[in-house]
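S.K.: Using mature numbering (1 follows the signal peptide of the UniProt record, and there is no 0), the letters of the sequence shown correspond one by one to residues -22 to -1, 1 to 320. Ideal Cβ placement from N, Cα and C applies to all residues, glycine included. Source: prediction; values computed, not measured. I have a structure here, written as structure tokens, and I will follow up with some questions on it.
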Amino acid sequence: MFLNIVAVVMAFAVVTATPAEAAPRLVPASDREVVFTVDGTTTYGTLHVPEHRPGQRLRAALLLPGSGPTDRDGNQPPALSPNTLALVADALGDKQVATLRFDKYGTGRTGLGAYEGRPEELDYPAFVRQATAAYETLRDQPETDRRALMVVGHSEGAMTALQLGGTVSPRPVGLALLQPQAIRLLDLVTLQLKEQIAEATRQGHLTPEEQRTIDAAIDAAVAALRDDRPVDTTELPAPIAQLFEAFQGTNHRFVTSSDAIYPPDTAAALRPGTRVLLTCGTNDPQVPCDTTDALTTALRRAHVGMPGRVTLHGVDHLLHDENHPDTLAPAVLSALHRFAKR
């Protein structure tokens, strides 16, 4: 009888002790403003820290935006507000990955910074240095596991992610290249413009002869830019002529320095085994899937890890599909969650 009472008392002690020894209260998810300086420019960003245990070091990803004046959330207000990077941050946060996204040059609180009054001096390497400084800032956050850093880039940001993948310290354990700029910039511009001209011809707005003339003028304009010669825009429709005039003006240094990079060449610098996701959408006219073929091959030769290239059926450049115009398409969420899986 005494033994039975002792057993009951001990069992009760175990049962009642368990809740007291349960996991400590979790630190709730939070967003905080992060500030860092690069090349004399104060840069502003958002660090999203998901719910975690006190003292826990989290996997963390730097998020890099697409081309143009795209801010930390993936927006170009007021005209375009898809919240691409904010949504990616939420998706990764669901898998307990902290994220840092920032206002790059010419956007948000950062503005032009040290380039105020001289935007023509901005080149692509300046954006890479800014992204590198952001990576180092993320690395040094108290919640970050510096052995588990990743870089996630959208469009042009994916090309920048590749640049960082072979240069930053410590090397990232993973890269997610979402609808990446995977060929030279002016080759991609040529492809996009010629497709628009072809569509105008199909709709009867241009004759086949006019299409050939414009296509030849586009090729000549690109060749002139690459040779640092004046561009002849007389045979180009006004909107395309204005684009190439901008390429010769304030944007000249950026365009030529970006165009000098062939993204597949950068894959060789990646550490073998680096986890890499590359996505392309079947409804993305800006980055057609076949433009990622050479990069996919280069990544394979670099012996990077899975998931590899994932084709997103029905998904557009901003990571939406027809049924999810304001949120990430389910196929995108699935790919991101697979990438973030431990």
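What's the gap between the Cα of proline 120 and the Cα of arginine 37?
M.R.: Approximately 12 Å, taken between the alpha carbons.
S.K.: Would you report the Cα separation of proline 60 and glutamate 11, rounded to the nearest angstrom?
M.R.: Whole-angstrom Cα-Cα distance: 21 Å.
S.K.: Could you give the DSSP three-state label for glutamine 159: helix, strand or coil?
M.R.: Residue state, collapsed to three classes: coil.
S.K.: Does the Cβ of histidine 295 have 16 or more other Cβ atoms within 10 Å, making it buried, or fewer, making it exposed?
M.R.: Classification for histidine 295: buried.
S.K.: In the DSSP assignment, the alpha helix (DSSP H) including aspartate 193 goes from what residue to what residue?
M.R.: Counting along the chain, the alpha helix (DSSP H) containing aspartate 193 begins and ends at 186 to 204.
S.K.: Around the C-beta of lysine 82, are 16 or more other C-beta atoms found within 10 angstroms, so that it is buried, or is it exposed?
M.R.: Buried is the call here.
S.K.: From the DSSP output, read off the bridge partner residues of glycine 71.
M.R.: Paired residues: none, contrary to the question.
S.K.: I'd like to confirm the pairing. Which residues does DSSP put opposite valine 151 in its beta bridges?
M.R.: The partner list for valine 151 (beta bridge, DSSP) is empty, contrary to what the question assumes.
S.K.: In three-state DSSP terms, what is arginine 96?
M.R.: Here arginine 96 sits in coil by DSSP.
S.K.: Which residues mark the beginning and the end of the beta strand (DSSP E) in which serine 8 is found?
M.R.: Serine 8 -> beta strand (DSSP E) spans 8 to 16.
S.K.: Please classify threonine 145: does DSSP put it in a helix, a strand, or coil?
M.R.: The answer is coil: DSSP assigns threonine 145 none of H, G, I, E or B.
S.K.: Taking the alpha-carbon positions, what's the leucine 203 to methionine 128 distance?
M.R.: Cα to Cα, leucine 203 sits roughly 35 Å from methionine 128.
S.K.: Suppose you measure from the CA of alanine -12 to the CA of arginine 3; what does that come to, to the nearest Å?
M.R.: In this prediction, alanine -12 has a pLDDT of 41, which is less than 50 and means its spatial position is unreliable; nothing more can be read from the coordinates.
S.K.: State the start and end residues of the unbroken alpha helix (DSSP H) segment that holds leucine 273.
M.R.: Counting along the chain, the alpha helix (DSSP H) containing leucine 273 begins and ends at 271 to 279.
S.K.: Do you know how far the Cα of proline 242 is from the Cα of leucine 164?
M.R.: In a straight line, the C-alpha of leucine 164 is about 15 Å away from that of proline 242.
S.K.: Consult DSSP for valine 293 and reduce its assignment to one of helix, strand or coil.
M.R.: In this structure, valine 293 counts as coil in the three-state DSSP scheme.
S.K.: When you compare the CB positions of proline 266 and glycine 135, do they come within less than 8 Å of one another, or not?
M.R.: No, these two residues do not count as a Cβ contact at 8 Å.
S.K.: Output the distance between the C-alpha atoms of asparagine 301 and threonine 212, rounded to the nearest integer angstrom.
M.R.: C-alpha separation (whole angstroms): 42 Å.
S.K.: Look at the Cβ atom of arginine 50, then the Cβ atom of leucine 63, and state whether they are nearer than 8 Å.
M.R.: Yes, the pair counts as a contact, with Cβ atoms nearer than the cut-off.
S.K.: Is there a Cβ of chain D sitting closer than 8 Å to that of glutamate 29, yes or no?
M.R.: No chain D is present in this structure, which holds just one protein chain.
S.K.: Rounded to a whole number of angstroms, what is the C-alpha to C-alpha distance between threonine 260 and glycine 95?
M.R.: C-alpha separation (whole angstroms): 41 Å.
S.K.: Measuring CA to CA, which of Leu169, Ala201, Val13 and Ala7 is closest to aspartate 268?
M.R.: The candidate whose alpha carbon is nearest that of aspartate 268 is Leu169.
S.K.: Spatial neighbours of isoleucine 175 within its chain, please: CB distance less than 6 Å, with the 5 preceding and 5 following residues excluded, ordered by chain position.
M.R.: Closer than 6 Å at the Cβ level, and outside the excluded window around isoleucine 175, lie Gln189 and Ile192.
S.K.: Whose C-alpha, out of Gly283, Thr24 and Pro217, is nearest the C-alpha of glycine 86?
M.R.: The residue with the shortest Cα to Cα distance from glycine 86 is Thr24.
S.K.: Is it buried or exposed for aspartate 304, if we count other Cβ within 10 angstroms and need 16 for buried?
M.R.: Exposed, since its Cβ has fewer than 16 Cβ neighbours within 10 Å.
S.K.: Counting along the chain, where does the alpha helix (DSSP H) carrying histidine 315 start and finish?
M.R.: Histidine 315 -> alpha helix (DSSP H) spans 308 to 318.
S.K.: At the level of alpha carbons, what is the spacing between glutamine 74 and alanine 199?
M.R.: One C-alpha to the other measures close to 47 Å.
S.K.: For arginine 125, which of Val151, Glu114 and Tyr22 has the nearest alpha-carbon?
M.R.: The residue with the shortest Cα to Cα distance from arginine 125 is Val151.
S.K.: Return the first residue and the last residue of the beta strand (DSSP E) that histidine 302 is part of.
M.R.: Where histidine 302 is concerned, there is no enclosing beta strand (DSSP E), given that its DSSP letter is neither H nor E.
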